[in-house]
Amino acid sequence: MRDSRTIPPEVSIVVPIYNELENLPDLVERIHGAMATQPLSFELIAVDDGSSDGSAARLRELAAGRPWLRAVCLVRNYGQSAALQAGFDRVRGRYVVTLDADLQNEPQDIPLLLQRLETDPEVDMVSGWRHQRQDKALSRRLPSMLANRLISRSTGVHLHDYGCALKAYRRPIIDRIRLYGELHRFIPSLAKEAGARITEVPVRHHARTRGVSKYGIDRTFRVILDLMLIVFFMRYRHRPLHAFGGMGLWLATPGLLMLAWLAGLKLLGHDVGGRPLLITGVMLLLMGLQLIVAGLVGEMLIRIYHEGRGQPQFYAHEHDPLAETAPSTTPPPAPLA
Numbered sequence: 011m012r013d014s015r016t017i018p019p020e021v022s023i024v025v026p027i028y029n030e031l032e033n034l035p036d037l038v039e040r041i042h043g044a045m046a047t048q049p050l051s052f053e054l055i056a057v058d059d060g061s062s063d064g065s066a067a068r069l070r071e072l073a074a075g076r077p078w079l080r081a082v083c084l085v086r087n088y089g090q091s092a093a094l095q096a097g098f099d100r101v102r103g104r105y106v107v108t109l110d111a112d113l114q115n116e117p118q119d120i121p122l123l124l125q126r127l128e129t130d131p132e133v134d135m136v137s138g139w140r141h142q143r144q145d146k147a148l149s150r151r152l153p154s155m156l157a158n159r160l161i162s163r164s165t166g167v168h169l170h171d172y173g174c175a176l177k178a179y180r181r182p183i184i185d186r187i188r189l190y191g192e193l194h195r196f197i198p199s200l201a202k203e204a205g206a207r208i209t210e211v212p213v214r215h216h217a218r219t220r221g222v223s224k225y226g227i228d229r230t231f232r233v234i235l236d237l238m239l240i241v242f243f244m245r246y247r248h249r250p251l252h253a254f255g256g257m258g259l260w261l262a263t264p265g266l267l268m269l270a271w272l273a274g275l276k277l278l279g280h281d282v283g284g285r286p287l288l289i290t291g292v293m294l295l296l297m298g299l300q301l302i303v304a305g306l307v308g309e310m311l312i313r314i315y316h317e318g319r320g321q322p323q324f325y326a327h328e329h330d331p332l333a334e335t336a337p338s339t340t341p342p343p344a345p346l347a
């Protein structure tokens, strides 16, 4: 029999958990039932994010008799991004699947996403689309709709449903991205930056029947701030001087023109010492120079990041027709005893 603890599985399923005690037994069984219908071996990495309702203890009980279930318990509540990253750091499969623990995602849709990755080599990430959402509260649906349009327009990654946690990835994409803060909402944008080719498939969605939702309308403001970070990250990560220097030039140029105008007046004998235009010109020039210097410092940090730490500046999909058509010289594996 195959030992799931020593032989890497083909699929790693990562589920962040926070105060979902009532849903855990059903969640584990439904994921097992869904994966039993397809041929790929799997592991379930359940990450408890410092729950206060006993979810961690229940996870350890469930994992005791299930070798494919790995319970990871964080010492306190760090947030969903940290919980997902804790799971990503432990994946062993060549495919990685994520979903929420509230059972609003349908585990039976996992094989659908995996089939798309298996049959389409041009796709690196499959994102679920809850095309028939069962959330009745307008306070959840309206902000989600607005956020999807705003994020798609800002990042260039056009998806109907950024908020759907049910997603599947090829392992190299997960290895290239790091989550911190609350960037779990923008994984498709980070994946695109890492070279992922993304598609979207409709999936089922259920209304929550147990537990309490952890989301509120207040998260809209956090999404806007995080979106600003993502847009800056995608456009200017490798060229911060263009961002800060550009703003600096927009401020310094009118300031310099104001000072040049006042200098001309001074040469003609006019008194310019008490004019508000003098203070405005000096402030604009100094602010512009500060931003330009900040951009130069950013350029030096980027150089240190790439050269000092050996971080790649790009990712590529390489196709070698000769290697793909040449006969294999690797001897076949020896039969198992």
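The opening position of the sequence shown corresponds to residue 11 in the working numbering, with each subsequent residue numbered one higher.
Virtual Cβ for every residue (Gly too), placed ideally from N, Cα, C.
- Following the DSSP letters along the chain, one finds residue 303 inside the alpha helix (DSSP H) bounded by residues 286 to 313.
- The residue among 75, 233, 135 with its C-alpha nearest the C-alpha of residue 157 is 233.
- C-alpha of residue 212 to C-alpha of residue 268: approximately 58 Å in a straight line.
- If you look at residue 212, you'll find it in the beta strand (DSSP E) that goes 208 to 212.
- Taking C-alpha positions only, residue 31 is separated from residue 297 by approximately 53 Å.
- Of the other Cβ atoms in all chains shown, fewer than 16 fall within 10 Å of the Cβ of residue 71; this residue is therefore exposed.
- When rounded, the separation of the alpha-carbon atoms in residue 207 and residue 293 is 46 Å.
- Measuring C-alpha to C-alpha distances from residue 161 to each of 251, 61, 235, 310 identifies 235 as the nearest.
- Rounded to the nearest whole angstrom, the CA to CA distance from residue 193 to residue 173 is 12 Å.
- Only residues of its own chain outside the window of five on either side were considered, and among them 58, 66 have a CB closer than 6 Å to the CB of residue 83, listed in chain order.
- Under the DSSP definition of a beta bridge, residue 177 partners with 108, 137.
- Between residue 127 and residue 133, the C-beta spacing is below 9 Å.
- Put simply, the backbone Cα of residue 94 is about 59 Å away from that of residue 284.
- With respect to residue 87, residue 43 sits apart: the two C-beta atoms are not nearer than 9 Å.
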